[in-house]
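> Questions regarding the structure given below will be posed in turn.
In the numbering used here, the protein residues as written are 9 to 334.
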């Protein structure tokens, strides 16, 4: 599977799914119901470190295999390339939530968790921006993906939206644990250190929200363009619309709390309801399509479809150039 260009990219979904379970366990089971106490929270912390290790494997090993063991080309590129690197930013979000829960009884563990989470989100966003740059180039040269693959144009909201939310959590976390009164350095011991980091994180989160909004508008225009030319059947990749739009809504709502902004509050509520309605529609269509089994399509087949469409567009472009030369 690791050598398969399409299927190997989905390995990143495993640690991302695990972080969701850890986050729910911290927020609902530990903080909401007080189950397990410190022991349960430490167990979740250990599981988070395991998830961090798997996320690093996806971000580094899978990307390395893409470079050395697989055949890729710009024409067949999709935003699925982001999946291995997004694992880090998702894990960093869970780290921010864990750090907030641990700061009252172990501030040092909280600082370590926040620092590792900050490293992960920095690496993940750096790789994601590189990939998104080439993806924009792919769209300009080869055009929009055809068929159900057009839903992939919303995936850039994932790293930008999740990254902004993670950075907001990290800023709040550093603000709550800093300054460290037993630290002798001139950095972590300053009274203004935590507040300064928090302000910087809010600025970066707003920048990422702006980028996510840009990709959201590009996605809407792309879907409208494809729908105006053709219709395509409902397929499993439609589920890929939920996560990126969901994290964009979460970031918008979180910014409304941080900035006390009516605009972000209203827009976050509207987009959250729209995402919920989208989830309900996708869920109903999935249940209806389960009977015939036509909804299931191997990721490799989707990748082949995108590659085939890109090759056709390349041929058409080449023919146009030849005609002009004649």
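Think of the CB as a built atom: it goes at the ideal place given N, C-alpha and C, for glycine as much as any other residue.
Decide if the segment 139 to 155 is in contact with the segment 74 to 81; the criterion is three or more beta carbon pairs, one per stretch, under 8 Å apart.
no
> For the candidate residues 148, 244, 119 and 84, whose alpha-carbon lies nearest to that of residue 177?
In the chain shown, the residue the question calls residue 177 occupies position 169. Comparing C-alpha distances from residue 177 to each of 148, 244, 119 and 84 shows the shortest one belongs to 119.
> In whole angstroms, give me the CA-to-CA distance for residue 364 and residue 283.
In the structure as shown, the chain begins at 9 and stops at 334. Residue 364 is therefore absent and cannot be evaluated.
> Whole-angstrom Cβ separation of residue 27 and residue 98, contact assumed at under 8 Å?
If you number the chain shown from 1, residue 27 lands on position 19. If you number the chain shown from 1, residue 98 lands on position 90. Right, their Cβ atoms sit about 5 Å apart.
> What's the gap between the Cα of residue 276 and the Cα of residue 259?
The residue given as residue 276 occupies position 268 in the chain shown. The residue given as residue 259 occupies position 251 in the chain shown. Looking at the two C-alpha atoms, the distance is approximately 8 Å.
> In angstroms, rounded to a whole number, what distance separates the CA positions of residue 307 and residue 144?
In the chain shown, residue 307 corresponds to position 299, counting from 1. In the chain shown, residue 144 corresponds to position 136, counting from 1. With a pLDDT of 49 at residue 307, under the threshold of 50, the predicted position of this residue should be treated as unreliable, and no value is reported.
> On the CB-based measure, 16 or more other CB atoms within 10 Å of its CB, does residue 57 come out buried or exposed?
Within the chain shown, numbered from 1, the residue matching residue 57 stands at position 49. Per the 10 Å Cβ criterion, exposed.
> Confirm, please, whether the CB-CB distance from residue 104 to residue 125 is below 7 Å.
Start at 1 with the first residue of the chain shown, and residue 125 comes out as number 117. Start at 1 with the first residue of the chain shown, and residue 104 comes out as number 96. For residue 125 and residue 104, yes; Cβs fall inside 7 Å.
> Comparing C-alpha positions only, which one of 157, 72, 164 and 44 sits nearest to residue 231?
Locating residue 231 in the chain shown gives position 223, where the first residue counts as 1. Selected option, being the one with the closest Cα: 157.
> Using a 10 Å radius around the Cβ and a threshold of 16 neighbouring Cβ atoms, would you call residue 175 buried or exposed?
Start at 1 with the first residue of the chain shown, and residue 175 comes out as number 167. That one is buried.
> Is residue 255 closer than 7 Å to residue 169 when the C-beta atoms are compared?
One-based indexing of the chain shown puts residue 169 at position 161. One-based indexing of the chain shown puts residue 255 at position 247. It is a contact, given that the beta carbons lie within the stated cut-off.
> Our contact map puts residue 185 next to residue 250 with C-beta atoms below 8 Å; I'd like the distance itself, whole angstroms only.
Counting from 1 along the chain shown, the entry for residue 185 is found at position 177. Counting from 1 along the chain shown, the entry for residue 250 is found at position 242. Contact doesn't hold; Cβ gap of about 33 Å is too wide.
> Could you give the first and the last residue of the continuous alpha helix (DSSP H) run that contains residue 182?
Sequence index remark: in the chain shown, residue 182 carries index 174 (1-based). Where residue 182 is concerned, the enclosing alpha helix (DSSP H) stretches over 165 to 185.
> For the alpha helix (DSSP H) containing residue 202, name the first residue and the last one.
The count along the chain shown starts at 1 and reaches residue 202 at position 194. Note, residue 202: alpha helix (DSSP H), 201 to 237.
> Short check: CB of residue 397 to CB of residue 87, under 7 Å?
Since the first residue shown for the chain is 9 and the last is 334, residue 397 is missing from the structure and cannot be characterised.
> Evaluate residue 72 with the Cβ neighbour count: other Cβ atoms within 10 Å of its Cβ, from every protein chain shown; 16 or more gives buried, anything less gives exposed.
Translated into the one-based positions of the chain shown, residue 72 becomes position 64. Burial call: exposed.
> Please list, in chain order, all residues of the same chain as residue 227 whose beta carbon is under 6 Å from its beta carbon, the five residues on each side excluded.
Taking the chain shown and counting its residues from 1, one reaches residue 227 at position 219. Hits under 6 Å: 161 and 162.
> Threshold first: 4 residues or longer. Then list the alpha helix (DSSP H) segments lying entirely within the segment 18 to 101, N to C.
21 to 32, 45 to 64 and 71 to 76
> For residue 122 versus residue 214, is the C-beta distance shorter than 7 Å?
Looking up residue 122 in the chain shown gives position 114. Looking up residue 214 in the chain shown gives position 206. No, they are not a contact pair.
> Looking only at its chain, what residues have a beta carbon closer than 7 Å to the beta carbon of residue 48, apart from the 5 residues adjacent to it on each side?
For this step, residue 48 is matched to residue 40 along the chain shown. Excluding sequence neighbours, residue 48 sits near 38.
> Would DSSP call residue 137 helix, strand or coil?
The residue labelled residue 137 in the question sits at position 129 within the chain shown. It is helical.
> Taking residue 280 as part of the alpha helix (DSSP H), name the residues at either end of that continuous run.
As a working note, residue 280 is residue 272 in the chain shown. Counting along the chain, the alpha helix (DSSP H) containing residue 280 begins and ends at 270 to 298.
> I'd like the list of long-range same chain contacts for residue 312, defined as Cβ closer than 7 Å, with 5 residues on each side in sequence excluded.
Taking the first residue of the chain shown as position 1, residue 312 is located at position 304. Residue placement at residue 312 cannot be trusted, given a pLDDT of 49 that sits under 50; the coordinates are not used to answer.
> Determine, using beta carbons only, whether residue 133 and residue 17 come nearer to each other than 7 Å.
Here residue 133 is taken as the residue at index 125 of the chain shown, counted from 1. Here residue 17 is taken as the residue at index 9 of the chain shown, counted from 1. No, Cβ-Cβ distance for residue 133 and residue 17 is not below 7 Å.
> Confirm, please, whether the CB-CB distance from residue 101 to residue 30 is below 7 Å.
For this step, residue 30 is matched to residue 22 along the chain shown. For this step, residue 101 is matched to residue 93 along the chain shown. Cβ atoms of residue 30 and residue 101: not closer than 7 Å.
> Could you check the C-alpha separation between residue 114 and residue 206 for me, to the nearest Å?
As a working note, residue 114 is residue 106 in the chain shown. As a working note, residue 206 is residue 198 in the chain shown. Spanning the two alpha carbons is a distance of roughly 20 Å.
> For my contact list, residue 165 and residue 220 are in at a C-beta cut-off of 8 Å; report their separation, rounded to the angstrom.
One-based indexing of the chain shown puts residue 165 at position 157. One-based indexing of the chain shown puts residue 220 at position 212. Right, their Cβ atoms sit about 5 Å apart.
> So the alpha helix (DSSP H) residue 160 belongs to, where does it begin and stop?
On the chain shown, residue 160 is found 152 positions in, with the first residue counted as 1. Element bounds for residue 160: n/a, residue is neither H nor E.
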